[in-house]
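As structure tokens, the structure follows; a few thoughts come after it.
2 protein chains.
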Amino acid sequence: MIEINSQRLLSDLRELAKHGKVGTGVDRPAFSEADVAARRWLEGRMREARLDARIDRYGNVYGRSSAASRAVLIGSHSDSVPKGGWLDGALGVIYGLEIARACIEQKSAAAVDVISFQDEEGRYAPFLGVKSFCGVLDEAAPGVPDALAKSLFSAEPARVEKTRHLAYLEAHIEQGPKLEAARRRIGVVTGIVGIRRVRITARGQADHAGTTPMGMRKDAGAALLRLANRILDAFAGMAAADTVWNIGVVEVQPGAANVVPAQASMMVEFRDMDARLLERMLAALRELAAQAGRGPVGVELAETARIEPAPMDARLGEVIGEASRALGEAPLSLPSGAGHDAMIMSQALPSAMLFIPSIGGRSHDIAEDTDERDIVLGCRVLAAAVEKIAA
Amino acid sequence: MIEINSQRLLSDLRELAKHGKVGTGVDRPAFSEADVAARRWLEGRMREARLDARIDRYGNVYGRSSAASRAVLIGSHSDSVPKGGWLDGALGVIYGLEIARACIEQKSAAAVDVISFQDEEGRYAPFLGVKSFCGVLDEAAPGVPDALAKSLFSAEPARVEKTRHLAYLEAHIEQGPKLEAARRRIGVVTGIVGIRRVRITARGQADHAGTTPMGMRKDAGAALLRLANRILDAFAGMAAADTVWNIGVVEVQPGAANVVPAQASMMVEFRDMDARLLERMLAALRELAAQAGRGPVGVELAETARIEPAPMDARLGEVIGEASRALGEAPLSLPSGAGHDAMIMSQALPSAMLFIPSIGGRSHDIAEDTDERDIVLGCRVLAAAVEKIAA
Chain G
1 MIEINSQRLL SDLRELAKHG KVGTGVDRPA FSEADVAARR WLEGRMREAR
51 LDARIDRYGN VYGRSSAASR AVLIGSHSDS VPKGGWLDGA LGVIYGLEIA
101 RACIEQKSAA AVDVISFQDE EGRYAPFLGV KSFCGVLDEA APGVPDALAK
151 SLFSAEPARV EKTRHLAYLE AHIEQGPKLE AARRRIGVVT GIVGIRRVRI
201 TARGQADHAG TTPMGMRKDA GAALLRLANR ILDAFAGMAA ADTVWNIGVV
251 EVQPGAANVV PAQASMMVEF RDMDARLLER MLAALRELAA QAGRGPVGVE
301 LAETARIEPA PMDARLGEVI GEASRALGEA PLSLPSGAGH DAMIMSQALP
351 SAMLFIPSIG GRSHDIAEDT DERDIVLGCR VLAAAVEKIA A
Chain U
392 MIEINSQRLL SDLRELAKHG KVGTGVDRPA FSEADVAARR WLEGRMREAR
442 LDARIDRYGN VYGRSSAASR AVLIGSHSDS VPKGGWLDGA LGVIYGLEIA
492 RACIEQKSAA AVDVISFQDE EGRYAPFLGV KSFCGVLDEA APGVPDALAK
542 SLFSAEPARV EKTRHLAYLE AHIEQGPKLE AARRRIGVVT GIVGIRRVRI
592 TARGQADHAG TTPMGMRKDA GAALLRLANR ILDAFAGMAA ADTVWNIGVV
642 EVQPGAANVV PAQASMMVEF RDMDARLLER MLAALRELAA QAGRGPVGVE
692 LAETARIEPA PMDARLGEVI GEASRALGEA PLSLPSGAGH DAMIMSQALP
742 SAMLFIPSIG GRSHDIAEDT DERDIVLGCR VLAAAVEKIA A
């Protein structure tokens, strides 16, 4: 039984949060001064734990155990969004540090490698570090050369080793309200949802809103409002329990009370674990847009983002769930609506994620927080899972 | 029979359009250099026509006939919107000049006073000049002190004289497509529509659009989109033939594809000649907004503009209609969806308006234009109407 040191876990989390501290949160975008200092501190803590640690030229902090030839890889990211929370990313990294350290101290049969990936949040290029680690980084992609130019590090990129790494485990705050609402303390992530994002633009004609009869208008605004409602209706009718959708951007031009809108556009985004459902929703949206375009207003549709669902390894999830139940806590299975390093890692290794609650569902804000008892419980569950996976 | 000189009419219109010329249009906002030059030119042309002319301190150019103690007042405005059309306002002023001039030359029993009001378009304060002329100007209203500070003129304000002025007549381009669509060349304006303008604001909560379940959102954007559709449906169901409405402004914040909107607002405007209908529409809108506000999103409504309908004098309208028919042209009765100086004048004098077609319905743009034959016809109709009114 790997015994984690809860005081040391919390103290390391608080210590890491001093780097880029902003009120109760942190400001630690990739390769900022605070991020680089945090990564150097992490490297130092890994070495103190007797891990073989280094920072590669992408900024990944990688601590390798010398205790065994096979190891469980635990990690997340220590960069943050501007004025973000103290636990987003940091939690999964410090869980890895604490469990690896406990394994070494307690001469456990399990060995743990720890990693803090760089730029998960996409200051330069989202998932920069984990993509490099998995060997799927396009070095010419937007932001990648800028990130490299900003890096102070020169070590060869750390890489996933399929003959060494048994699994990738990532713990994270939920960033949503489901655990809190269900009064559960441990979430087992079924997968990271796929995303479709579409920009719809209606093009009509600006006219005087007093002198142009209703029947003679080419009102791009009204056409878009009608279409938006039909999309909301259609999605509500075809959604599964965890499907989410959002119209987060609406723009109407020229934007005057007395001018019939010449152009109007919106961004429609939807997410689910089921890629076929996403495709059905996209097809319905295309059909509704095409119908809307048969009137006096032209309607164009452009897909601006497409991310496929990344299911987590079901057996690893079951191990985490069993570990949770063994510690007296019934876990909640749920998809992750947000992206995580595990999304990329799952293409290279069997991967699993554990969630702990976010108070009020808040994240990407300095108000983000989690009860310390939940933080400690999550680490105990993950340590127990590591022991089973290594065995 | 007052015979107008069509070549002189067109030549004066072209001459006036040289002041502030921009392509095929004019840029002549109130008290701009071009506007002041145009007003001085107008004053000169009035004097050449043997009118007693002056520019008052509000910039109104007023030409008074000395031929009789009672006169028909004809006018409009010679200021323009930025990069506006050459006929908007100018047409009604030059009609007045030509008819007054013809009356004097032809020793007609009819006498005509001519006026070009200042700032109808509201560079400083909409209807500045006509409000001063009617004695209803609030000198402390926004923009009025700025306009006065800009004025180069010092003459005492010209004022309406109810014992002298038999009626106010204003000719204008339609600024809409109705005459063209109906293949009519003369419009008799039943009145200037009333306007209600309302800002509706929905306030919810920003949340992660991936991690927040649909049922736990306070989505201000979706609430506003739903409400907008209900308003469009309700208005379509209760509108009269000439009612118009517009949602010209829609704003959604923070405005990111992956963030549930925290706030969303729109401007809803509607116009009709029937004040009771406008009030019924406003009541329906208030009820729909109140219903929408019973969900998780708060909805506020603020009336931002209220202009009462200004009916034109029916008997004067009939005189214009008869004059049109006598010249072989069946007139179209229609409301004006845009505001005009006659809206204010109708509170002081029996007032009427004549419309001539706008090519393609275009206005407030340098593309604005009207067939010269229609310009000439409109002036002939108005001259014939003046003769009947004076008789």
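First to last, the sequence lines map onto chains G and U. Those letters in the first sequence? Residues 1 to 391, per our numbering, in order. Those letters in the second sequence? Residues 392 to 782, per our numbering, in order. Yeah, the Cβ is synthetic: ideal placement off N, Cα and C, and Gly gets one too. Fair warning: this is a prediction, and the values are worked out from it, not measured in the lab.
By the criterion of at least three beta-carbon pairs nearer than 8 Å, the region 772-780 of chain U is in contact with the region 455-467 of chain U. Counting only residues of its own chain and dropping the five nearest sequence neighbours on each side, G:E300 has a CB closer than 6 Å to the CB of T201.
CA-to-CA, the gap between G:V198 and G:R362 works out to about 26 Å. Bridge pairing for G:L334: G:V189 [DSSP]. If you draw a straight line from the Cα of U:Q509 to the Cα of G:V249, it comes to about 41 Å.
Collapsing the DSSP output to three states places G:A167 in a strand. Where U:R662 is concerned, the enclosing beta strand (DSSP E) starts and stops at Q654 to D663.
G:E269 reaches chain U at A600, A648 and N649, counting residues in chain order whose Cβ is nearer than 7 Å. When 9 Å is used as the limit between beta carbons, G:M216 is near these residues of chain U: G567, P568, K569, A572 and G752, in chain order. With at least 16 other beta carbons inside 10 angstroms of its own, U:L400 counts as buried.
Nearest CB-CB separation between G:N5 and chain U: not below the 7 Å threshold. Annotation: the continuous beta strand (DSSP E) that includes U:N637 extends over V635 to Q644. Each residue's CA atom was taken as its position, placing G:K83 and G:I195 some 25 Å apart.
Apart from the 5 residues on each side of it in sequence, U:H731 sits with its Cβ closer than 7 Å to the Cβ of E561, H563, I583 and M744 in its chain, given in chain order. A direct Cα-Cα distance of roughly 15 Å separates G:D27 from G:L91. The shortest C-alpha to C-alpha distance from U:I711 to any of U:A781, U:A614 and U:L616 is the one to U:A781. A direct Cα-Cα distance of roughly 10 Å separates G:H364 from G:L87.
In this structure the region 509-524 of chain U lies against the region 533-552 of chain U, because at least three pairs of beta carbons, one per stretch, are closer than 8 Å. U:D504 places its beta carbon less than 7 Å from that of U:R455. Take the alpha-carbon of U:A739 and the one of U:E699: they are about 15 Å apart.
The C-beta of G:R325 has fewer than 16 other C-beta atoms within 10 Å across all chains shown, which makes the residue exposed. Of the residues G:V93, G:F235 and G:D242, the one whose Cα lies closest to the Cα of G:E120 is G:V93. Taking C-alpha positions only, U:G416 is separated from U:V472 by approximately 10 Å. For chain U, the residues of the region 236-257 of chain G that bring a beta carbon within less than 7 Å of one of its beta carbons are V244, N246, I247, G248, V249, V250, V252, G255, A256 and A257, in chain order. Between the alpha carbons of G:G360 and G:P177 lies a gap of roughly 6 Å. The beta carbon of U:L616 falls within 7 Å of a beta carbon belonging to chain G, placing the residue at that interface.
Taking a C-beta cut-off of 7 Å against chain U, the contacting residues of the region 187-203 of chain G are V193 and R197, listed in chain order. Chain-order list of chain G residues neighbouring U:A680: empty, with the shortest C-beta distance near 15 Å, by a criterion of under 9 Å. For the pair of segments examined, the region 620-630 of chain U was found not to touch the region 285-296 of chain G: the number of CB pairs separated by less than 8 Å stays below three. Between G:A34 and G:E43 a beta carbon distance of about 15 Å is seen, past the 8 Å cut, so the two are scored as non-contacting. Annotation: G:A220 to U:M657 spans about 15 Å, alpha carbon to alpha carbon. In the three-state scheme derived from DSSP, where H, G and I count as helix and E and B as strand, U:G751 is classed as helix.
In the DSSP assignment, G:Y58 falls outside any alpha helix (DSSP H), carrying neither H nor E. For G:E180, the enclosing alpha helix (DSSP H) covers residues K178 to A182. Between G:K162 and the set G:P350, G:I366 and G:E318, the nearest pair of CA atoms involves G:P350.
Annotated as distal: U:D447 and U:A597, with beta-carbon spacing of 7 Å or more.
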